[in-house]
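Start counting the sequence shown at 1; every next residue gets the next number (full-length UniProt numbering).
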Amino acid sequence: MVEDPTPVPNITVIPPGHRDRSRMEQSQEPAEVEALIAAGEIERVQPDAELVGGLLALAERHLAATAAIADSDPGGAHTLLFMAAHRAVVAMAEAAGLRTTSGRRDLTAYEAVHVLLDPGRVQVLDAYARMHRRRDDLEYGLAIPEPITVDEVHECTASVREIVELAHQVAGGTL
C-alpha cells in the first residue's frame with residue numbers, strides 16, 4: 001500500500017479534540033481514519049473522478065428506478081435506495097482519496113466519510129446508517145422483521161436524495 005501524502009480534498013476534516021471547527025485545515029486526518037488505514041480497511045488513493053462520476057450516475061439511476069417500483073415492491077425499492085446511498089457514500093470516500101479494502105465495505109466507507117465531513121453536513125448520513133441496520137435486519141435478522149412499507153420508502157427516498165446531493169457537492173469540491 002502506497003500512502004498518498006496529499007491532503008484530503010473537498011472535505012473539511014476535524015481532528016479529535018479540536019474546538020474551533022470553523023478554522024480546520026483539510027490536511028489533517030482524524031485518528032479514526034488513520035485507524036482504518038492502519039487496520040487495512042481503507043487505503044489512500046489518488047481520487048478517481050471517472051469512478052466518482054460513475055458511482056454518482058449509478059446512484060441517480062437507482063433513485064429513478066425506485067420511483068417506478070415503490071408502490072408495487074417496497075422491499076425492492078428499499079434495496080435500491082440503500083444501494084443508491086451506498087454508491088454515494090463510496091463516491092464521497094473516493095473523492096476524498098480513500099478506498100475501502102475490507103469485507104465490510106459498506107460500513108467502512110460510511111465510517112471514513114462520517115468522520116471527514118463537516119459537522120453541519122454529517123447528519124445527512126444518519127439515514128444511511130438507519131437504512132443499513134434495516135437492510136441487515138431484513139436480510140440477516142433472526143426474527144421476521146416488519147415488512148418495508150410504501151411510506152418508509154418515500155421517507156427513505158427523500159433522505160437518499162440528500163445523500164446523493166451531498167456526494168455531488170463533495171465530488172464538485174463545494175464543501
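Backbone N, C-alpha and C define an ideal beta-carbon position, used for all residues, glycine too.
Predicted model only: the values in this text are computed from it and were never measured.
In three-state DSSP terms, what is residue i?
i, result
"residue 244", "It is not possible to answer for residue 244, since the shown part of the chain is limited to 1 through 175."
"arginine 23", "Caution is warranted here: a pLDDT of 28 is assigned to arginine 23, below 50, making its placement in the model unreliable, and no coordinate value can be reported."
"threonine 66", "helix"
"leucine 98", "strand"
"glycine 53", "helix"
"proline 47", "coil"
"glycine 75", "helix"
"alanine 59", "helix"
CB-CB under 8 Å to residue i, same chain, minus the five flanking residues each way: which ones, in chain order?
i, result
"alanine 171", "Asn10, Ala49, Val52, Gly53, Leu56, Ala91, Met92 and Ala95"
"valine 122", "His114"
"aspartate 73", "none"
Check for me: the beta strand (DSSP E) holding residue i runs from which residue to which?
i, result
"glutamate 43", "42 to 44"
Near residue i, which residues of its chain fall below 6 Å by C-beta distance, leaving aside the five closest residues on each side in sequence?
i, result
"leucine 58", "Arg87"
"aspartate 137", "Pro145"
"alanine 67", "none"
"serine 159", "Ala127"
"threonine 100", "Ile42, Thr108 and Ala109"
Answer yes or no: do residue i and residue j have a C-beta to C-beta separation smaller than 8 Å?
i, j, result
"valine 153", "histidine 78", "yes"
"leucine 98", "isoleucine 42", "yes"
"leucine 81", "cysteine 156", "yes"
"valine 33", "leucine 116", "yes"
"leucine 36", "glutamate 139", "no"
Check for me: the alpha helix (DSSP H) holding residue i runs from which residue to which?
i, result
"glutamine 123", "Run containing glutamine 123: none; DSSP gives neither H nor E here."
"threonine 157", "150 to 172"
In its own chain, which residues sit with a C-beta less than 7 Å from the C-beta of residue i, not counting the 5 before and 5 after it?
i, result
"isoleucine 69", "Gly76 and Ala77"
"glycine 103", "none"
With a cut-off of 8 Å, do at least 3 Cβ pairs link the region 153 to 165 to the region 72 to 85?
yes
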